[in-house]
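First comes the structure, then the notes that go with it.
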């Protein structure tokens, strides 16, 4: 008998050992696979689908007032979503949200930018630390992790005024149960009460379902932050442990809302049903749920702090990966000089084999002329993009980028609003009007404009364009404008430095070198282009005759 018992114990121990070994093996295998992917993806662009509604939610719910936030117009003008897709190498959903929020909110805090650069350089130089951090961040890469930011809303969910009656309900149920030992008839009266409580219990499930994604992921975020503060990485962990401690009340109350899934185990399902009925009988979930919400209402600063902590780590690794994949980049030099910006070998990161150009802006605005496809719009967008990146991820697509702190505004991609009956010109008026309003505030601005008032006639376009550009160019503002209107060259040559792009016609083909050239444009090729496009000779002759008169 003793021998059989010993054998039984030995088999049980072997079984437990086997399960533990299998669990350890599968975990190591999963980690090895994740690490292999982290190494394979290093320095490369992610090609995954991005849900920008969820990615942008963090920037919508944060209450901190930034130095500057890109307008919807500028976000569209410089293709911020495409730019983000290029620079985003994050490993977690909160990190992705944090990086996007960082991208659309250029800062004036130079010290913070330099600290961020130090963190980026740390991950470039320390592979093991970077890979360990990336593995931790992957624990927050499930799509549900996007919803942690919803806990930062102004009001999570209002508790119904009548819900306080349920406290009395629960007290009465407990009292009736205790008294039923002496007065069994009370058990009969508990039957309708139980039915009412079942109704309220399942009514509350709809409320719980609104947080079914965010609550578990907040627990996950707390766990990841707890592991990160044990790591020797150059990120300010002061206060993070306190944030975690402040959220322990939430974690404790959350347990009453989460009992997991019993799967296909019949005994486990039966026990889960008993637990569910007990919770319904005493309205445990309702009380716990609203108590949990009340706890979080007062702990939003702690949730925000944890999101920023993890997001900052992920953004630094992402920027390090971006730099590792580039052959040409620089960290900006941020100066206190006014109305000055210098860049060498500047290029647009979203254009393959983009021709690099250099420019020095000093005390004057910049007027760039040239034909379509010559490179005007691409160049001014590149300046805007690099100005944004200089004040966000401290990384520029150039060999040199020297700039003061700027607020960046643009008017490039204008469309008419047919739904609201607004013409193209009216939309231009609103767009330029926003720049004029910004110019009157006590900050140094960068204004990027592609054509002024394309939606109206030539005489008024040139007249209004000259007046507006002179106005915007006042004080310390830096104005970059591209235009087809060479009439503006004569009107603005005292206030604006003149540059141009030009194309050549070789063997009846248009050839663009996309090189920025100093000075005013001296050639006109529009009618020549009509000629090589096989327009009738009569049209070409009349067009030349009219042009020569002017």
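Numbering (this note's numbering), first residue to last: 56 to 605.
Glycine included, C-beta positions come from ideal geometry on N, C-alpha and C.
Here the structure is a predicted model, which means the values were calculated and not measured.
{"Check": "What span of residues does the alpha helix (DSSP H) with residue 501 cover, start to end?", "Outcome": "Looking at the DSSP string, residue 501 is not in any alpha helix (DSSP H); the run it does join, the beta strand (DSSP E), is 500-505."}
{"Check": "Scan the region 512-559 and note each continuous alpha helix (DSSP H) run of 4 residues or more that stays entirely inside, going in chain order.", "Outcome": "513-527 and 542-547"}
{"Check": "Could you tell me the alpha carbon to alpha carbon distance between residue 262 and residue 340, rounded to whole angstroms?", "Outcome": "11 angstroms"}
{"Check": "Sorted by chain position, which residues of the same chain lie with C-beta nearer than 6 angstroms to residue 503's C-beta, five sequence neighbours on each side aside?", "Outcome": "435, 439, 465 and 535"}
{"Check": "If we ignore side chains and look at the alpha-carbon of each, how far apart do residue 574 and residue 553 end up?", "Outcome": "5 angstroms"}
{"Check": "Less than 6 angstroms between C-beta atoms, sequence neighbours within five positions excluded: which residues of the same chain meet that for residue 444?", "Outcome": "450 and 451"}
{"Check": "Would you identify the three-state DSSP class for residue 462, choosing helix, strand or coil?", "Outcome": "strand"}
{"Check": "State whether the region 225-237 contacts the region 281-299, with contact taken as three or more CB pairs (one from each stretch) at a distance under 8 angstroms.", "Outcome": "no"}
{"Check": "Quick one: grab the DSSP three-state call for residue 597.", "Outcome": "helix"}
{"Check": "If contacts are defined as beta-carbon pairs under 8 angstroms, then residue 189 and residue 372 qualify, I think. What distance do you get, rounded to the angstrom?", "Outcome": "6 angstroms"}
{"Check": "Given this structure, state the Cα-to-Cα distance separating residue 225 from residue 338, to the nearest angstrom.", "Outcome": "7 angstroms"}
{"Check": "So who's on the other strand from residue 451, going by DSSP bridges?", "Outcome": "385"}
{"Check": "Measure the alpha-carbon distance for residue 65 versus residue 73 and round it to whole angstroms.", "Outcome": "12 angstroms"}
{"Check": "Going by CA-CA distance only, name the one from 96, 161, 252 and 108 that's closest to residue 122.", "Outcome": "161"}
{"Check": "So which of 397, 393, 115 and 398 has the shortest CA-CA distance to residue 531?", "Outcome": "393"}
{"Check": "Give the straight-line distance between the Cα atoms of residue 241 and residue 227, rounded to the nearest whole angstrom.", "Outcome": "11 angstroms"}
{"Check": "Let me know the secondary structure DSSP gives residue 423 once reduced to three states.", "Outcome": "strand"}
{"Check": "Can you check which of these residues, 266, 249, 275 and 370, is closest to residue 336 by C-alpha distance?", "Outcome": "249"}
{"Check": "Could you pull out every residue in the same chain whose Cβ sits closer than 7 angstroms to the Cβ of residue 99, ignoring the five residues on either side in sequence?", "Outcome": "380"}
{"Check": "Using the rule of at least 16 other Cβ atoms within 10 Å of the residue's Cβ for burial, across every protein chain shown, is residue 118 buried or exposed?", "Outcome": "exposed"}
{"Check": "State the CB to CB distance for the pair residue 400 and residue 453, rounded to an integer number of angstroms; the pair is presumed to be in contact (CB under 8 angstroms).", "Outcome": "5 angstroms"}
{"Check": "First and last residue of the beta strand (DSSP E) that includes residue 395?", "Outcome": "395-401"}
{"Check": "With the cut-off set at 9 angstroms, would you say residue 576 and residue 557 are in Cβ contact?", "Outcome": "yes"}
{"Check": "Please state whether DSSP places residue 583 in a helix, a strand or coil.", "Outcome": "helix"}
{"Check": "Is residue 498 a contact residue of the ligand MN, with contact defined as CB to any heavy atom under 8 angstroms?", "Outcome": "Among the ligands in the structure shown, none appear at all, so the ligand MN cannot be discussed."}
{"Check": "To the nearest angstrom, how far is it from the Cα of residue 104 to the Cα of residue 94?", "Outcome": "21 angstroms"}
{"Check": "Kindly give me the distance between the Cβ atoms of residue 547 and residue 422, rounded to whole angstroms, as I take these residues to be in contact under 8 angstroms.", "Outcome": "6 angstroms"}
{"Check": "Smallest Cα separation from residue 389: which of 432, 425 and 455?", "Outcome": "455"}
{"Check": "So, for residue 109: in the same chain, excluding its five sequence neighbours on each side, which residues have a beta-carbon less than 6 angstroms away from its beta-carbon?", "Outcome": "201"}
{"Check": "What span of residues does the alpha helix (DSSP H) with residue 347 cover, start to end?", "Outcome": "339-352"}
{"Check": "Could you please give the first and the last residue of the uninterrupted alpha helix (DSSP H) stretch that includes residue 157?", "Outcome": "148-158"}
{"Check": "Quick check: what's the CA-CA separation for residue 61 versus residue 82?", "Outcome": "31 angstroms"}
{"Check": "I want to know whether the region 179-196 touches the region 148-158 - three or more CB-CB distances under 8 angstroms.", "Outcome": "yes"}
{"Check": "Would you identify the three-state DSSP class for residue 564, choosing helix, strand or coil?", "Outcome": "strand"}
{"Check": "Using the rule of at least 16 other Cβ atoms within 10 Å of the residue's Cβ for burial, across every protein chain shown, is residue 570 buried or exposed?", "Outcome": "exposed"}
{"Check": "Helix, strand or coil for residue 478, going by three-state DSSP, please let me know.", "Outcome": "coil"}
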